[in-house]
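Enquirer: From first to last, the protein sequence lines stand for chains F and B. If you want my numbering, it's the 1-based position in the first sequence plus 8. If you want my numbering, it's the 1-based position in the second sequence plus 8. A virtual CB, placed ideally from N, CA and C, is assigned to each residue, including glycine. Keep in mind that this is a model prediction, so the values were computed, not measured.
Number of protein chains: 2
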Amino acid sequence: MKRQLLIAIMLTAALALASIAAAAEPLASWNDGQAKRAIVDFVQRVITTGGADFVPVPERIAVFDNDGTLWIERPMYVQLAFVLDRVKALAPAHPEWKDKQPFKAALEGDLKTVADGGEHALLELVMATHAGMTTDAFARLVKDWLATAQHPRFNRPYTELVYQPMLELLAYLRANGFKTYIVSGGGIEFMRPWAEKVYGIPPEQVVGSSIKTRFELRDGTPVLVRLPEINFIDDKAGKPVGIQMHIGRRPIAAFGNSDGDLQMIQWTTAGPGARFGLIVHHTDADREYAYDRQSSVGRLDKALDEAGRHGWTVVDMKQDWKRIFP
Amino acid sequence: MKRQLLIAIMLTAALALASIAAAAEPLASWNDGQAKRAIVDFVQRVITTGGADFVPVPERIAVFDNDGTLWIERPMYVQLAFVLDRVKALAPAHPEWKDKQPFKAALEGDLKTVADGGEHALLELVMATHAGMTTDAFARLVKDWLATAQHPRFNRPYTELVYQPMLELLAYLRANGFKTYIVSGGGIEFMRPWAEKVYGIPPEQVVGSSIKTRFELRDGTPVLVRLPEINFIDDKAGKPVGIQMHIGRRPIAAFGNSDGDLQMIQWTTAGPGARFGLIVHHTDADREYAYDRQSSVGRLDKALDEAGRHGWTVVDMKQDWKRIFP
């Protein structure tokens with residue numbers, strides 16, 4: 009046992025030194041400003057033992073929207089780019105798609121016609137590309153696609169178009185005993201295959217929209233088959249519902265960027281004790297994109313008004329972030 | 009920093025000593041027999057770095073059924089006792105229940121008539137007692153009920169009628185880097201209010217059946233309201249579906265006691281690498297109950313056959329457990 013103890017002590021010393029190094033500059037890509045100060049102030053208050061705002065570790069739950077909060081969502085949601093590429097890949101087996109909307113428009117890259125079809129058209133494309141295979145097969149499709157797909161403007165894989173300041177924020181919260189969750193309108197099984205590697209968020213801490221699955225024995229081997237039927241939409245008023253379903257307790261901090269995150273931030277910040285709400289405002293057309301009240305993707309209108317009313321922190325991307333991407 | 013380092017080293021030493029003490033007798037209430045040996049053998053194989061069966065910590069996921077696996081399920085599911093008591097508590101506001109089935113039978117404690125009404129009758133009782141309030145209010149109802157309700161035979165609170173050997177098993181797995189989950193046919197929000205205190209399992213590691221909820225602003229305050237509508241049944245073929253939804257990866261160990269756990273154990277043990285399936289066989293009418301193939305509650309028939317076929321471990325409660333309850 010003596011050697012094990014020695015190893016444990018050495019490990020601890022190493023970890024302590026590492027955390028000292030990290031603590032020296034936990035949010036290196038954030039400019040010193042109101043947003044950074046508000047984050048650090050909140051974290052210090054909830055971790056201070058004996059302080060009025062102390063929160064025990066198990067209750068330090070932080071929830072993050074994904075699209076536009078942790079990674080890029082322009083010119084279109086990344087998952088929509090995946091859908092369009094999957095339609096193209098599957099087209100040879102579906103000759104009828106050449107003359108059938110919304111598939112025709114998807115094949116021609118005619119996003120306007122796809123958008124004009126509304127939710128119904130989008131749903132048709134999602135079901136044709138996301139259902140009919142096992143959960144394992146779908147995870148492989150997502151991983152394979154992300155390994156080669158590139159963003160049309162930045163010519164980099166989407167998994168490199170995550171926000172460096174937010175990666176630092178995730179790490180800073182975890183270093184202070186927080187459990188970090190994704191709570192996204194995007195597909196839960198679209199995010200899980202890469203969220204652990206890219207964000208350090210394991211599959212069980214990803215909440216998202218989903219289709220139904222069915223358990224089957226195929227030649228004696230159990231599989232889960234993805235069905236063309238909506239199970240849950242984790243957006244807007246669905247976000248607090250998804251949080252309760254998966255986490256079962258109210259977060260103390262919520263991070264979003266659009267009106268789709270409004271109810272999640274309301275739910276989070278309405279609890280007792282210290283609470284934190286933050287909105288990423290896309291203000292940087294040069295380094296990323298600038299959009300808010302009039303945008304069709306990631307519209308930030310009501311939530312921006314509510315942020316002012318409730319004292320939520322608003323990140324001005326252009327002012328607050330030294331770098332955007334890693 | 010020097011003092012912090014010293015504290016860290018002392019903490020580690022203390023933890024190391026504590027784990028040595030615990031390791032001396034990790035499964036004290038288990039008799040030395042095949043079941044205990046199979047558990048220890050499995051755990052040692054998956055934690056041995058460099059071994060053929062080594063499993064990294066994040067993938068050490070273990071799932072446990074609740075009723076009949078972690079706590080008592082006879083003479084009726086504990087949640088059904090809660091339902092019946094709630095019907096009685098609500099009866100003064102529902103004079104019509106005196107002449108209306110299945111409420112009449114529930115009020116008279118006539119379980120046979122309730123059972124004869126089948127799933128539909130049960131569902132009516134559940135909806136009348138589980139819906140219509142906020143999630144916070146429901147959690148309080150559960151906690152208040154458990155604080156006073158007693159088991160009719162053992163005259164002890166239900167939370168004391170958990171299986172001591174299984175508590176030790178949960179602790180042993182966690183001490184070896186496992187994340188322990190409940191995956192139960194019971195209500196997810198019926199288990200969460202007490203699972204952390206009784207089992208050491210936090211709300212986010214509880215998977216169960218659920219009704220739908222709706223986000224509302226009541227006088228500006230956000231609430232989640234429980235609706236009289238089934239959301240998900242986490243039983244039989246639903247258990248692997250619930251596991252995928254909440255955990256997003258396949259467990260490596262599954263523990264159950266009835267045919268309701270069959271698919272969960274199939275799904276768990278069919279994965280690659282070291283896998284473990286275990287079934288608690290209720291064989292002890294003196295100290296608890298004895299039931300299996302013919303039982304209406306917790307029937308163990310197909311799963312017992314499958315256990316033999318696949319080499320899952322079967323616990324003989326009478327032979328394998330020194331004590332039943334704490």
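According to a CB-to-CB cut-off of less than 9 Å, which residues of the segment 284-307 of chain F neighbour chain B?
Expert: Those residues of the segment 284-307 of chain F that come within reach of chain B (Cβ to Cβ, closer than 9 Å) do not exist; the list is empty.
Enquirer: Do we get a CB-CB distance below 8 Å when we pair Glu-212(B) with the residues of chain F?
Expert: Interface residue, yes.
Enquirer: Give the list of continuous beta strand (DSSP E) stretches no shorter than 3 residues that lie fully inside the segment 196-230 of chain B.
Expert: Entirely contained in the segment 196-230 of chain B, the beta strand (DSSP E) runs reaching 3 residues are, in chain order, 214-226.
Enquirer: Looking only at C-alpha atoms, which of Trp-329(B), Glu-132(B), Ala-203(B), Asp-292(B) sits nearest to Glu-168(B)?
Expert: The option with the nearest alpha carbon to Glu-168(B) is Ala-203(B).
Enquirer: What does His-254(F) reach in chain B if we use C-beta pairs closer than 7 Å?
Expert: Within chain B, the residues near His-254(F) are Glu-212, His-254.
Enquirer: Against Leu-232(F), what residues of chain B qualify as contacts under a CB-to-CB distance less than 7 Å, listed in chain order?
Expert: Within 7 Å Cβ-Cβ: Pro-248, Val-249, Gln-252.
Enquirer: Distance cutoff 8 Å, beta carbons only. Does Phe-223(B) sit that close to anything in chain F?
Expert: At least one chain F Cβ lies under 8 Å of Phe-223(B).
Enquirer: Taking 8 Å as the cut-off, decide whether the C-beta atoms of Ser-266(B) and Gly-76(B) are in contact.
Expert: Yes, they are a contact pair.
Enquirer: Going by other Cβ atoms of all chains shown within 10 Å of its Cβ, with 16 needed for buried, is Gln-252(B) buried or exposed?
Expert: Looking at its Cβ environment, which holds 16 or more other Cβ atoms inside 10 Å, Gln-252(B) is buried.
Enquirer: Residues in its own chain within less than 6 Å of Met-325(F) by CB, not counting five upstream and five downstream?
Expert: The residues are His-290, Thr-291, Asp-292.
Enquirer: Could you tell me which uninterrupted beta strand (DSSP E) segments, each at least 3 residues in length, are contained entirely in the segment 40-97 of chain B, listed from first to last along the chain?
Expert: For the segment 40-97 of chain B, whole beta strand (DSSP E) runs of length 3 or above, ordered along the chain, are 69-72.
Enquirer: Give the residues of chain B in contact with Arg-200(F), contact being defined as C-beta atoms less than 9 Å apart.
Expert: Here the neighbours are Gly-256, Arg-257.
Enquirer: Quick one: grab the DSSP three-state call for Val-305(B).
Expert: In this structure, Val-305(B) counts as coil in the three-state DSSP scheme.
Enquirer: So, does the CB of Pro-66(F) fall closer than 8 Å to a CB anywhere in chain B?
Expert: At least one chain B Cβ lies under 8 Å of Pro-66(F).
Enquirer: Among residues of its own chain, excluding the 5 on either side of Leu-149(B), which ones have a beta-carbon nearer than 8 Å to its beta-carbon?
Expert: Counting only Cβ-Cβ distances below 8 Å, and skipping sequence neighbours, we find Arg-94, Met-141.
Enquirer: Please classify Gln-213(B): is it buried, with 16 or more other beta-carbons within 10 angstroms of its beta-carbon, or exposed?
Expert: Looking at its Cβ environment, which holds 16 or more other Cβ atoms inside 10 Å, Gln-213(B) is buried.
Enquirer: I want to verify the contact list: residues of chain F whose CB lies under 8 Å from the CB of Thr-229(B), in sequence order.
Expert: Going along chain F in sequence order, the residues near Thr-229(B) (Cβ under 8 Å) are Ala-278.
Enquirer: Would DSSP call Pro-165(B) helix, strand or coil?
Expert: Residue state, collapsed to three classes: coil.
Enquirer: Excluding the five sequence neighbours on either side, which residues of its own chain have a C-beta within less than 7 Å of the C-beta of Gly-185(B), listed in chain order?
Expert: Excluding positions up to five away in sequence, the list reads Ile-55, Val-65, Arg-68.
Enquirer: Quick one: which unbroken alpha helix (DSSP H) runs of 4-plus residues sit fully inside the segment 238-323 of chain F? Chain order, please.
Expert: Within the segment 238-323 of chain F, the complete alpha helix (DSSP H) runs of at least 4 residues are 246-254, 270-277, 310-318.
Enquirer: Against Thr-143(B), what residues of chain F qualify as contacts under a CB-to-CB distance less than 7 Å, listed in chain order?
Expert: In chain order: Gln-252.
Enquirer: Report the three-state DSSP secondary structure of Gly-175(B) (helix, strand or coil).
Expert: Just to set this straight, residue 175(B) is Leu in the shown sequence, not Gly. Leu-175(B) falls in the helix class under three-state DSSP.
Enquirer: Within the continuous alpha helix (DSSP H) that includes Phe-111(B), where are the two ends?
Expert: Taken as a continuous stretch (DSSP letters only), the alpha helix (DSSP H) holding Phe-111(B) covers 111-115.
Enquirer: In this structure, how does DSSP classify Lys-187(B) when only helix, strand and coil are distinguished?
Expert: DSSP places Lys-187(B) in strand when its eight states are reduced to three.
Enquirer: Looking at the secondary structure, which residues open and close the alpha helix (DSSP H) in which Val-122(B) lies?
Expert: Where Val-122(B) is concerned, the enclosing alpha helix (DSSP H) stretches over 119-124.
Enquirer: Name the chain F residues whose beta carbon is nearer than 8 Å to that of Trp-38(B)?
Expert: Ordered by position in chain F, no residue passes the 8 Å Cβ test against Trp-38(B), which lies about 23 Å from the chain.
Enquirer: Locate the alpha helix (DSSP H) running through Arg-148(F), then write down its first and last residues.
Expert: Looking at the DSSP string, the run of the alpha helix (DSSP H) that includes Arg-148(F) is 143-156.
Enquirer: For Ala-29(F), does the three-state DSSP call read helix, strand or coil?
Expert: For Ala-29(F), the pLDDT reaches just 49, beneath the cut-off of 50, and the residue's location in the model is therefore unreliable, leaving the point undetermined.
Enquirer: Could you give the distance in angstroms between the alpha-carbon of Arg-317(F) and the alpha-carbon of Tyr-166(F)?
Expert: One C-alpha to the other measures close to 34 Å.
Enquirer: Taking the Cβ atom as the reference point for each residue, do Val-170(F) and Trp-79(F) lie within a distance shorter than 8 Å?
Expert: In this structure, Trp-79(F) lies closer than 8 Å to Val-170(F) by Cβ.
Enquirer: Drop a sphere of 10 angstroms on the beta-carbon of Glu-104(B), count the other beta-carbons inside from all chains shown, and report buried for 16 or more, exposed for fewer.
Expert: Answer is exposed; the Cβ neighbour count stays below 16.
Enquirer: Can the beta-carbon of Trp-320(F) be found closer than 8 Å to that of Leu-286(F)?
Expert: Yes, the Cβ-Cβ distance between Trp-320(F) and Leu-286(F) is below 8 Å.
Enquirer: Among Met-84(B), Asp-40(B), Gly-195(B), whose alpha-carbon lies nearest the alpha-carbon of Ala-147(B)?
Expert: When each option's Cα is compared against that of Ala-147(B), the closest is Gly-195(B).
Enquirer: In the DSSP assignment, what are the bridge partners of Val-233(B)?
Expert: Answer is Thr-142(B), Arg-222(B).
Enquirer: Need the endpoints of the alpha helix (DSSP H) that Lys-326(B) sits in, please.
Expert: Note, Lys-326(B): alpha helix (DSSP H), 325-328.
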